[in-house]
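The working numbering applies: residue 64 is where the sequence shown begins, and numbers increase by one.
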Amino acid sequence: MKWLLLLSLLALSECVIVKVPLFKKKSLRQNLIEHGLLEDFLKTHSLNPASKYFPNQDATMIAAQPLENYMDMEYFGTIGIGTPPQEFTVIFDTGSSNLWVPSVYCNSPACANHNRFNPQQSSTYQATSQPVSIAYGTGSMTGILGYDTVQVGGVADTNQIFGLSETEPGSFLYYAPFDGILGLAYPQISASGATPVFDNMWNEGLVSQDLFSVYLSGNDQSGSVVMFGGIDSSYYTGNLNWVPVSVEGYWQITVDSITMNGESIACNGGCEAIVDTGTSLLSGPTNAIANIQNDIGASQNSYGQMVISCSAINELPDIVFTINGYEYPLPASAYILQNQQGCVSGLQGMNLPTSSGELWILGDVFIRQYFAVFDRANNQVGLAPVA
Numbered sequence: 064m065k066w067l068l069l070l071s072l073l074a075l076s077e078c079v080i081v082k083v084p085l086f087k088k089k090s091l092r093q094n095l096i097e098h099g100l101l102e103d104f105l106k107t108h109s110l111n112p113a114s115k116y117f118p119n120q121d122a123t124m125i126a127a128q129p130l131e132n133y134m135d136m137e138y139f140g141t142i143g144i145g146t147p148p149q150e151f152t153v154i155f156d157t158g159s160s161n162l163w164v165p166s167v168y169c170n171s172p173a174c175a176n177h178n179r180f181n182p183q184q185s186s187t188y189q190a191t192s193q194p195v196s197i198a199y200g201t202g203s204m205t206g207i208l209g210y211d212t213v214q215v216g217g218v219a220d221t222n223q224i225f226g227l228s229e230t231e232p233g234s235f236l237y238y239a240p241f242d243g244i245l246g247l248a249y250p251q252i253s254a255s256g257a258t259p260v261f262d263n264m265w266n267e268g269l270v271s272q273d274l275f276s277v278y279l280s281g282n283d284q285s286g287s288v289v290m291f292g293g294i295d296s297s298y299y300t301g302n303l304n305w306v307p308v309s310v311e312g313y314w315q316i317t318v319d320s321i322t323m324n325g326e327s328i329a330c331n332g333g334c335e336a337i338v339d340t341g342t343s344l345l346s347g348p349t350n351a352i353a354n355i356q357n358d359i360g361a362s363q364n365s366y367g368q369m370v371i372s373c374s375a376i377n378e379l380p381d382i383v384f385t386i387n388g389y390e391y392p393l394p395a396s397a398y399i400l401q402n403q404q405g406c407v408s409g410l411q412g413m414n415l416p417t418s419s420g421e422l423w424i425l426g427d428v429f430i431r432q433y434f435a436v437f438d439r440a441n442n443q444v445g446l447a448p449v450a
């Protein structure tokens, strides 16, 4: 079960921090962003630095999928399913494992205002009678499984199993700015045992390494990307620090401690966390998060939001996550979110009990600060500060 997928209707303000390094040329990525060319570049160029030495090698051994940053709350990209491809926007979600999209078999209001897959318009679709049901923290779907070609990151992932929704109850998915979800967690948590997209891509030899990496932009800027099969060092500074996966299901890791001003504020003696691109905020056990909210001066308003003075951004200390011996500080500018009405906390309490204890969720609030590599070959997560 995917624990939490948040959608906020907060209209985030344009708060752009411009950093001007001395005597340093702009990176290729920065120049492409400023000229609006990054998305086209990612669609047409391999990011494999060794590709120049193998001119006859397939240039799609790294599949780069551009992502749209929706108000710093959701990151989704466009894929194609079928022959000819039918386009859908999907969340690339490391906290779940299934691919599904709305279908013409669905009459729920959430399907009526989103793109719907029509099997009869695809010459490569293969039907099954196998049902699928997926529950998320803020929505659910039921439907059937089918096989077809999925265009993702510029490559054709053939014979990919996916869900065709027949029901999408509730209001969350109705208001969602995306059509469906593409899960990137381990196959162990895939509903109905469906093979995840990345597993199928690797099995078909579409990527050169059994890993993928994610960069999430901040301040509502463009440039977010998920790279299947490779790592681009221009997205981060320093070295990647590798953290073993503690449980193969979600991308679950062990956190040593959580501190502020050198004092423990949660996670005494260690705790478990998942690195989850499909969760907007940073989530933890309700009591622990309530204590942190109190420490940073956040209070609940009439809409249930934890509001805080915007001036606190310049005053509050970092929240420091120590993971596998390395410190990962989250500055107040990361865990306090600015919007047109003011500022709100980017922390949320939720009790997620597992056999290994209560889970923390290192969502987009965390990943915007740290480039993340999800290494299936070695069952580890690599983290480094974003460039």
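Think of the CB as a built atom: it goes at the ideal place given N, C-alpha and C, for glycine as much as any other residue.
Please read all numbers here as calculations on a predicted model, not as lab measurements.
(request) Compare the C-alpha of glycine 246 against each of Pro416, Gly367, Gly158 and name the closest. (result) Indexing the sequence shown from 1 puts residue 246 at position 183. Comparing Cα-Cα distances from glycine 246 to each of Pro416, Gly367, Gly158, the minimum goes to Gly158.
(request) For leucine 345, collect the residues of the same chain with a Cβ closer than 8 Å to its Cβ; drop the 5 residues on either side in sequence, then sort them by chain order. (result) To locate residue 345, count along the sequence shown from 1; it is residue 282. Correct list, in chain order: Leu393, Tyr398, Gly409, Leu410, Gln411, Trp423, Ile424, Leu425, Gly426, Val428, Phe429.
(message) Could you tell me which whole beta strand (DSSP E) segments of length 3 or greater appear in the region 232-305?
(response) 243-246, 274-278, 288-291
(message) Quick check on threonine 342: buried or exposed, where buried means 16 or more other Cβ atoms within 10 Å of its Cβ?
(response) Within the sequence shown, the letter at position 279 stands for residue 342. Looking at its Cβ environment, which holds 16 or more other Cβ atoms inside 10 Å, threonine 342 is buried.
(request) Determine the extent of the beta strand (DSSP E) in which valine 407 is found, giving its start and end residues. (result) Walking along the sequence shown from the start, residue 407 turns up at place 344. Residues 405-408.
(request) Identify, in the order they occur along the chain, each residue of the same chain with its Cβ nearer than 6 Å to the Cβ of glutamine 189, setting aside the five sequence neighbours on each side. (result) On the sequence shown, position 126 is the one that residue 189 refers to. If we look at glutamine 189 and ignore the five residues flanking it on each side, its Cβ neighbours are Tyr210.
(message) Can you tell me where the alpha helix (DSSP H) holding valine 428 begins and where it ends?
(response) Here residue 428 corresponds to residue number 365 of the sequence shown, with the count starting at 1. Valine 428 -> alpha helix (DSSP H) spans 427-430.
(request) Return the residue from the list Thr258, Ser192, Thr221, Tyr133 that minimises the CA-CA distance to serine 160. (result) In the sequence shown, residue 160 corresponds to position 97, counting from 1. The candidate whose alpha carbon is nearest that of serine 160 is Thr258.
(request) Identify the continuous alpha helix (DSSP H) that holds cysteine 174 and give its terminal residues. (result) Residue numbering aside, residue 174 sits at position 111 when the sequence shown is read from its first letter. First-last of the alpha helix (DSSP H) with cysteine 174: 172-175.
(request) Alpha carbon to alpha carbon, how far is asparagine 282 from glutamate 231? Give it in angstroms, no decimals. (result) Position 168 of the sequence shown, counting from 1, holds the residue named residue 231. Position 219 of the sequence shown, counting from 1, holds the residue named residue 282. Distance between the alpha carbons of glutamate 231 and asparagine 282 is about 31 Å.
(request) Would you kindly work out how many angstroms separate the C-alpha atoms of alanine 435 and isoleucine 386, rounded to a whole number? (result) Counting from 1 along the sequence shown, the entry for residue 435 is found at position 372. Counting from 1 along the sequence shown, the entry for residue 386 is found at position 323. About 13 Å.
(request) Look up asparagine 222 in the DSSP assignment and say whether it is helix, strand or coil. (result) Here residue 222 corresponds to residue number 159 of the sequence shown, with the count starting at 1. Asparagine 222 falls in the strand class under three-state DSSP.
(request) Could you give the DSSP three-state label for isoleucine 376: helix, strand or coil? (result) Along the sequence shown, one-based indexing puts residue 376 at 313. It is helical.
(request) Kindly indicate the opening and closing residues of the beta strand (DSSP E) around asparagine 354. (result) Your numbering for residue 354 matches position 291 in the sequence shown. Asparagine 354 -> not in any beta strand (DSSP E); alpha helix (DSSP H) instead, spanning 349-359.
(message) Between the alpha carbons of aspartate 381 and aspartate 358, how many angstroms are there, rounded?
(response) Your numbering for residue 381 matches position 318 in the sequence shown. Your numbering for residue 358 matches position 295 in the sequence shown. Approximately 12 Å between the Cα atoms of the pair.
(message) Let's see if you can read the secondary structure: which residues bound the beta strand (DSSP E) around serine 320?
(response) For the purposes of this step, residue 320 is taken as the residue at position 257 of the sequence shown. Here the beta strand (DSSP E) through serine 320 covers 320-323.
(message) On the CB-based measure, 16 or more other CB atoms within 10 Å of its CB, does tyrosine 238 come out buried or exposed?
(response) Here residue 238 refers to the residue found at position 175 of the sequence shown. In summary, tyrosine 238 is exposed, with fewer than 16 beta-carbon neighbours lying within 10 Å of its beta-carbon over all protein chains present.
(request) Can you have a look at glycine 367 and say buried or exposed, based on whether 16 or more other CB atoms are within 10 angstroms of its CB? (result) The residue you call residue 367 lines up with position 304 of the sequence shown. Exposed, by the Cβ-count rule.
(message) Measuring straight from C-alpha to C-alpha, what distance separates serine 396 and leucine 379?
(response) To locate residue 396, count along the sequence shown from 1; it is residue 333. To locate residue 379, count along the sequence shown from 1; it is residue 316. So the alpha carbons of these two residues sit roughly 9 Å apart.
(request) Consult DSSP for proline 416 and reduce its assignment to one of helix, strand or coil. (result) Within the sequence shown, numbered from 1, the residue matching residue 416 stands at position 353. Residue state, collapsed to three classes: strand.
(message) Are the CB atoms of threonine 187 and threonine 146 within a distance shorter than 9 Å?
(response) The residue labelled residue 146 in the question sits at position 83 within the sequence shown. The residue labelled residue 187 in the question sits at position 124 within the sequence shown. Taking 9 Å as the Cβ cut-off, threonine 146 and threonine 187 qualify as a contacting pair.
(request) Starting from alanine 397, follow the alpha helix (DSSP H) in both directions and report where the run begins and ends. (result) Start at 1 with the first residue of the sequence shown, and residue 397 comes out as number 334. Per DSSP, alanine 397 belongs to the alpha helix (DSSP H) from 395-398.
(message) Less than 7 Å between C-beta atoms, sequence neighbours within five positions excluded: which residues of the same chain meet that for lysine 115?
(response) Taking the sequence shown and counting its residues from 1, one reaches residue 115 at position 52. In this prediction, lysine 115 scores a pLDDT of 32, lower than 50, which makes its location untrustworthy; the coordinate-derived value is nonetheless stated afterwards. Excluding sequence neighbours, lysine 115 sits near nothing in its chain.
(request) Count the other C-beta atoms from every protein chain shown that fall within 10 angstroms of the C-beta of glutamate 390, then say buried if there are 16 or more, exposed otherwise. (result) For the purposes of this step, residue 390 is taken as the residue at position 327 of the sequence shown. Its Cβ having fewer than 16 others within 10 Å, glutamate 390 is exposed.
(request) On a CA-only basis, which of Phe261, Gly445, Gly332 is nearest methionine 124? Give me that one, please. (result) The residue given as residue 124 occupies position 61 in the sequence shown. Distances from the CA of methionine 124 to each of Phe261, Gly445, Gly332 were compared; the closest alpha carbon is that of Phe261.
(message) Could you tell me the alpha carbon to alpha carbon distance between tryptophan 265 and serine 253, rounded to whole angstroms?
(response) Indexing the sequence shown from 1 puts residue 265 at position 202. Indexing the sequence shown from 1 puts residue 253 at position 190. Each residue's Cα considered, the two are about 17 Å apart.
(message) Please list the terminal residues of the continuous beta strand (DSSP E) segment that includes valine 215.
(response) For the purposes of this step, residue 215 is identified with residue 152 of the sequence shown, where counting begins at 1. Valine 215 -> beta strand (DSSP E) spans 202-215.
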